[in-house]
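Protein chains: 2
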Amino acid sequence: MAAAPKHDVFQAIADPTRRQLLKLLGEQEMPVTVISGHFPMSRTAVSKHLRVLAEAGLVKERKVGRETRYQLEARPLQQLKEWLGYYERFWENKVSMLKHYVESDGTDTKQGLRPEG
Amino acid sequence: MAAAPKHDVFQAIADPTRRQLLKLLGEQEMPVTVISGHFPMSRTAVSKHLRVLAEAGLVKERKVGRETRYQLEARPLQQLKEWLGYYERFWENKVSMLKHYVESDGTDTKQGLRPEG
DNA sequence: TTGACACGAAACCATTTGGTGTCGTAAAAT
DNA sequence: ATTTTACGACACCAAATGGTTTCGTGTCAA
Chain V
1 MAAAPKHDVF
11 QAIADPTRRQ
21 LLKLLGEQEM
31 PVTVISGHFP
41 MSRTAVSKHL
51 RVLAEAGLVK
61 ERKVGRETRY
71 QLEARPLQQL
81 KEWLGYYERF
91 WENKVSMLKH
101 YVESDGTDTK
111 QGLRPEG
Chain U
1 MAAAPKHDVF
11 QAIADPTRRQ
21 LLKLLGEQEM
31 PVTVISGHFP
41 MSRTAVSKHL
51 RVLAEAGLVK
61 ERKVGRETRY
71 QLEARPLQQL
81 KEWLGYYERF
91 WENKVSMLKH
101 YVESDGTDTK
111 QGLRPEG
């Protein structure tokens, strides 16, 4: 029985702490202790987040002596981009249709589309 | 005014059922009973997922008689696209990885970068 | 050799999540 | 007028999640 229930990318990025981790690890490879220094929680907690990210393929680990260094591995985010691609047409359509109609920030007072007037 | 939404977009799309919901509701506006007919769970469960999506702004509800019709509202997904945009350079641009290698002191490994990549 | 450090594993806890079923009520249908 | 339908509001439950502390082990330093 192979381990099927890995974490997927969608789950992995759902947590704000993990998104911060990705950003941090994009800058540079870092060991756990240094990483956890950036967060208001225990090293163990950060470590568990890192595991989730690793299971989703979003970070890679490298053992160097007694430390484990982590670094961003962005490629799995392409899944997300692909998923998003499907929905782009929905807001592109809306925008072009509403362009002449709503020029505000999206806090529309009317719902739906009416002809002028 | 607008209270901080309890669920954000990242959380909302983390669940596979909710992603299916988005896809379904992109096709067409639908009432709850019809929607839940597409899922192997109770209407109440689907309704709760719809609420999460609504809190994230990803669906809009419209009361029509005794039914509540839901439809995709894709615009908040732009946040996701924007977030993703930051990471595109990591897979589009191998040069950035080279840059990181060069900027580090380079004494930490002998196997850091291989030709061809 | 002894001690400090880095880290994962494990046990534990509170809260959230994803699901269930029941019930009340407004709207439609008969 | 009565019944059926659509739905949200609840109350409830098991499992997952996000956090903690403690402990064991491998690695580096004195």
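First to last, the sequence lines map onto chains V and U.
In this text, residue positions in the first sequence follow full-length UniProt numbering: the first is 1, and each later residue adds one.
In this text, residue positions in the second sequence follow full-length UniProt numbering: the first is 1, and each later residue adds one.
From the three backbone atoms N, C-alpha and C, an ideal C-beta is built for every residue, glycine too.
Whole-Å CB distance - residue i paired with residue j, under 8 Å assumed
i	j	result
U:Y87	V:A74	5 Å
U:L84	V:L72	Wrong, their Cβ atoms sit about 13 Å apart, outside the cutoff.
Nearest neighbour of residue i, chosen from the options [CA to CA]
i	options	result
V:A12	V:G85, V:L50, V:G65, V:E61	V:L50
U:T68	U:D8, U:I35, U:L80, U:L77	U:I35
Backbone CA spacing between residue i and residue j [nearest angstrom]
i	j	result
residue 140 of chain V	U:Q28	The structure shown has nothing for residue 140 of chain V, since chain V only spans 1 to 117.
U:V64	U:T33	13 Å
U:K81	V:F10	13 Å
V:T44	V:D8	21 Å
V:T77	V:R66	Looking at the sequence provided, one finds Leu at residue 77 of chain V rather than Thr. Near 30 Å, if we compare the C-alpha coordinates of V:R66 and V:L77.
V:K99	U:K6	Because the pLDDT of V:K99 is 45, which lies under 50, any placement of that residue in the model is unreliable, and the question is left without a value.
V:P31	V:S47	10 Å
U:D108	V:R62	A caution first: U:D108 carries a pLDDT of 31, below 50, which makes its placement in the model unreliable, though a value can still be read off. Straight-line Cα distance between these residues: approximately 12 Å.
V:R89	V:V52	32 Å
U:D105	U:Q79	Confidence in U:D105 is poor, its pLDDT being 34 and thus under 50, which makes the residue's placement too unreliable to answer from.
TODO: Check whether the stretch 31–42 of chain V touches the stretch 56–69 of chain U, taking contact to mean three or more Cβ pairs, one atom from each stretch, closer than 8 Å.
DONE: no
Open item on the list: Any contact between the stretch 11–20 of chain V and the stretch 17–27 of chain U? By contact I mean 3 or more CB pairs, one from each, below 8 Å.
Closed with: no
Open item on the list: Counting only Cβ-Cβ distances shorter than 8 Å, please list the residues of the stretch 23–35 of chain U near chain V, keeping chain order.
Closed with: K23, G26
Task: Cβ-based contacts, 8 Å cut-off: residues of the stretch 73–95 of chain U near chain V - done: A74, R75, L77, Q78, L80, K81, W83, L84, Y86, Y87, E88, F90, W91
Task: Interface residues of the stretch 3–20 of chain V facing chain U [CB-CB below 9 Å] - done: D8, F10, Q11, A12, I13, A14, D15, P16, R19
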